[in-house]
Amino acid sequence: MRLLSYPALPRLRTFYRSERVVTEEDYSYLLVIDRNFTFHFAKKIKKMSEGSPGQILKKVIAPEWDKNLILIEDNDEPHGIKSKADNKVKQAKIKLNIKWEAQPSNSLDLNPIKTIWRIIKQHLKNKGVIFQAEALKAAIQEEWDKIIIEEIKNAISTMPDRASVKLSLPSLTRSQFSLLLSLIVSAHAINNRHSHGSGLATPKIDTHSHVYPDFYRQAVIAAGWTPGPDGNPAPPDWTLEAHLSFMDHNNVEKSYVSCSSPGTFLDSEDLAAGIFLTQQFNNFTADLKKQHPNRIGFFASLPLPSIPDALDEIDRALALGADGFVFLSNYYGLYHGDPRLKPVYERLNQRGAVLFIHPTNPCPRNAPDVSGTSRLDYVAPLMNVFPAPTLEFIFDTTRTVADLILSGTAAAHANLKWIVPHCGGALPSVLDRFLRISSILGAKAGSDRPSVPYNITTAVALMNRQFWFDLAGLSMQSQIWNMKRLFGSDKFTYGSDVPFTTFSLAVSLTGEMNATLPQLFNEHEIEMIFRGNALKLLSK
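So for the sequence shown, the UniProt record's numbering puts the first residue at 1; every next one is plus one.
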């Protein structure tokens with residue numbers, strides 16, 4: 001996919017000097033802005049379209065959004081380049097029978113547009129505007145009115161004298177300039193989606209995303225989780241349309257969706273309700289996959305802690321097309337190394353299943369058998385201060401992974417593969433400590449856990465065989481640096497955690513990944529983290 005954005009002068013220079021022969025495919029979509037701000041558009045070798053900026057934007061750019069769009073200024077030759085080589089643009093123009101006005105003295109030079117674009121970005125710098133076309137178009141329209149005329153005059157003065165004389169400020173109306181900038185933004189957005197090395201552009205597979213349908217929202221409220229689940233101030237906003245739109249803008253090829261905390265067994269005393277909601281949720285996500293088989297997969301829920309019903313649902317969910325299973329970090333105190341889960345693990349081990357761990361509120365065995373928000377008063381320290389995702393989610397993930405390892409459960413089920421969320425939670429900080437101390441102290445006398453001796457080398461080797469770690473959440477500042485010391489690049493997957501992480505924040509966090517990952521991994525490794533590792537893990 002080749003795209004040249006209008007203000008990207010270095011790219012234009014590189015392309016103009018290219019020795020490669022230009023083919024029709026290179027210019028399958030060619031857009032030219034002439035000196036009168038008329039937009040010309042050619043699709044393959046068809047006759048060029050011509051019209052007002054508004055018409056072209058509405059009728060041409062929007063329908064061709066995902067295509068190979070190339071923007072070129074209207075001169076035959078690029079400014080500032082003196083070369084005896086044949087001009088590739090002129091060759092393409094002749095080959096495609098494209099005619100455009102060749103009046104360089106009146107044409108817009110790239111430099112002032114680049115300068116004005118820099119001014120615009122400076123005005124937006126501290127506003128937290130996400131680099132998406134629609135958001136920037138709106139922001140540019142708002143900011144244009146705030147830019148003083150002197151700044152624009154200074155920008156235009158950077159043009160060559162021959163162009164400055166011809167182009168006076170009154171001829172560049174605010175509406176024309178706004179439309180031109182909108183088109184430039186569109187080019188940047190497309191470029192961001194398709195150029196190598198861009199976090200937003202790199203194709204992704206999302207192994208950590210959720211759905212929150214209305215029937216589940218009502219069930220959570222009825223179970224007493226108010227105002228939001230897990231101490232959150234409100235339930236998340238989710239629609240399928242918003243989810244797919246996020247995927248489009250963030251270049252997510254496929255999302256593996258699941259039920260987040262507090263799960264589907266919302267009332268510990270109502271087994272029938274737990275089974276019903278589990279099946280209802282699995283049916284819903286299976287239908288999403290059926291409607292969008294190339295875009296959505298799903299990790300099925302199980303009605304744990306009911307072992308017999310969980311075994312039944314494993315078979316039913318796999319028949320529905322489940323790609324794996326989501327396991328909350330505990331089920332009313334049933335942590336992942338608990339021997340009562342052995343029949344479930346054996347059934348899943350036979351299938352070589354992928355198990356996605358998702359944190360929930362901690363729960364000691366002696367906690368009162370209550371459900372809903374009232375349970376948090378008994379089981380979660382500081383829940384009157386911090387919502388569970390702030391502290392408890394991270395700690396409970398670490399707690400249940402430690403239980404999987406120290407109990408020998410993971411090693412005993414070699415065909416199982418686990419995805420650990422949020423870059424391992426607190427694991428990178430405490431792994432060495434709990435392994436060394438457990439090798440000294442072992443399990444408590446009378447415990448139902450065996451004492452399995454591990455050291456850091458054997459434990460990390462085990463985890464490199466059977467564990468993967470998604471990068472959802474705020475994982476770039478410290479966690480990923482520590483995890484990189486222990487695990488190879490093939491152990492990480494992309495995760496957004498939408499909609500509990502809002503769609504806009506998820507895009508911003510992807511930008512953080514884009515800024516941080518190149519400091520730790522090469523380009524191929526980053527592509528594997530965003531897409532390839534999940535593809536290998538979840539391909540059947």
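No residue lacks a Cβ here, since even glycine has one placed at the ideal position from N, Cα and C.
C-alpha distance - residue i paired with residue j, whole-angstrom precision
i: Ala411; j: Ala234; result: 39 Å
i: Gly333; j: His413; result: 22 Å
i: Pro428; j: Asp338; result: 23 Å
i: His358; j: Val211; result: 14 Å
i: Leu318; j: Arg433; result: 38 Å
i: Leu288; j: Ala242; result: 14 Å
i: Trp238; j: Gln291; result: 17 Å
i: Leu535; j: Thr285; result: 20 Å
i: Ala443; j: Met483; result: 26 Å
i: Ser209; j: Gly511; result: 17 Å
i: Ala388; j: Gly228; result: 11 Å
i: Phe298; j: Asn250; result: 19 Å
i: Met528; j: Leu537; result: 11 Å
i: Ala515; j: Ser438; result: 38 Å
i: Phe521; j: Ala223; result: 45 Å
i: Leu404; j: His336; result: 6 Å
i: Leu320; j: Phe281; result: 12 Å
i: Phe530; j: Ser489; result: 11 Å
i: Lys248; j: Ile440; result: The residue asked about is misnamed: residue 248 is Asp in this sequence, not Lys. Taking the straight line joining both Cα atoms gives about 51 Å.
i: Gly408; j: Ala353; result: 18 Å
i: Phe215; j: Phe503; result: 21 Å
i: Leu304; j: Tyr331; result: 6 Å
i: Ser539; j: Ala273; result: 33 Å
i: Gly199; j: His524; result: Since pLDDT at Gly199 reaches only 47, below the 50 mark, its modelled position is unreliable, and no value is offered.
i: Gln218; j: Val452; result: 44 Å
i: Phe386; j: Asp230; result: 10 Å
i: Leu431; j: Met463; result: 11 Å
i: Asn384; j: Asn232; result: 11 Å
i: Leu71; j: Ile314; result: Its pLDDT being 38, under 50, Leu71 is placed unreliably by the model, and nothing is read from it.
i: Pro213; j: Thr458; result: 42 Å
i: Arg316; j: Gln519; result: 44 Å
i: Ser508; j: Ser447; result: 45 Å
i: Ser268; j: Ile275; result: 11 Å
i: Asn415; j: Met513; result: 30 Å
i: Pro381; j: Trp225; result: 17 Å
Proximity test, Cβ basis, 8 Å: residue i and chain D
i: Thr409; result: Among the chains in the structure shown there is no chain D, since it carries only a single protein chain.
Within 8 Å, strictly: CB atoms of residue i and residue j
i: Gly495; j: Leu517; result: no
i: Asp396; j: Ser478; result: no
i: Val252; j: Asp206; result: yes
i: Ile307; j: Pro262; result: no
i: Asp497; j: Gly532; result: no
i: Gly425; j: Thr390; result: no
i: Leu406; j: Tyr454; result: yes
i: Val220; j: Leu271; result: no
i: Thr501; j: Trp468; result: no
Identity of the residue in the options nearest residue i by Cα
i: Asp312; options: Phe298, Tyr331, Arg347; result: Arg347
i: Ile526; options: Thr502, Asn455, Ile480, Gly424; result: Ile480
i: Val460; options: Lys491, Ser447, Ile437; result: Lys491
i: Ser245; options: Asn514, Ala506, Met513, Ala515; result: Ala506
i: His487; options: Ala272, Cys423, Phe327, Leu341; result: In the sequence on display, residue 487 carries Phe and not His. Among Ala272, Cys423, Phe327, Leu341, the Cα nearest to that of Phe487 belongs to Cys423.
i: residue 541; options: Ala310, Ile419, Ser255, Pro381; result: Outside the displayed span of the chain (1 to 540) sits residue 541, for which this structure offers no information.
i: Ser475; options: Ile394, Phe356, Ser268, Gly352; result: Ile394
i: Pro293; options: Ser255, Phe469, Val430; result: Ser255
i: Arg295; options: Glu523, Asn464, Phe500, Leu240; result: Leu240
i: Val257; options: Asn283, Glu269, Met513, Asn232; result: Asn283
i: Arg449; options: Arg340, Cys259, Ile275, Asn415; result: Arg340
i: Cys259; options: Pro381, Gln279, Ser447; result: Gln279
Beta-carbon separation (whole angstroms), residue i vs residue j, contact threshold 8 Å
i: residue 595; j: Lys417; result: Beyond the ends of the chain as shown, which are 1 and 540, falls residue 595; an answer cannot be given.
i: Thr360; j: Ser301; result: That pair is no contact at about 12 Å.
i: Glu392; j: Pro362; result: 6 Å
i: Val401; j: Phe356; result: Contact doesn't hold; Cβ gap of about 13 Å is too wide.
i: Leu435; j: Ile456; result: 6 Å
i: Pro499; j: Pro236; result: 4 Å
Contact test: residue i Cβ vs the ligand NAP heavy atom, cutoff 7 Å
i: Arg436; result: This structure does not include the ligand NAP; it has no bound ligands of any sort.
Pick out the complete beta strand (DSSP E) segments inside the stretch 456-486, 3 residues or longer, and give them in chain order. For the beta strand (DSSP E) assignment, the uninterrupted runs of no fewer than 3 residues enclosed by the stretch 456-486 are, from N- to C-terminal side, 467-470.
Restricting to runs no shorter than 3 residues, where is the beta strand (DSSP E) found entirely within the stretch 304-352? Fully enclosed beta strand (DSSP E) runs of 3 or longer: 324-328.
Completely contained alpha helix (DSSP H) runs for the stretch 408-457, where each covers 4 or more residues: Every alpha helix (DSSP H) of 4 residues or more that sits fully in the stretch 408-457 is shown, in chain order, as 409-412, 427-441.
Any alpha helix (DSSP H) of 4 or more consecutive residues that is wholly inside the stretch 222-289: If one requires a minimum length of 4 residues, the alpha helix (DSSP H) runs lying completely within the stretch 222-289 are 240-249, in chain order.
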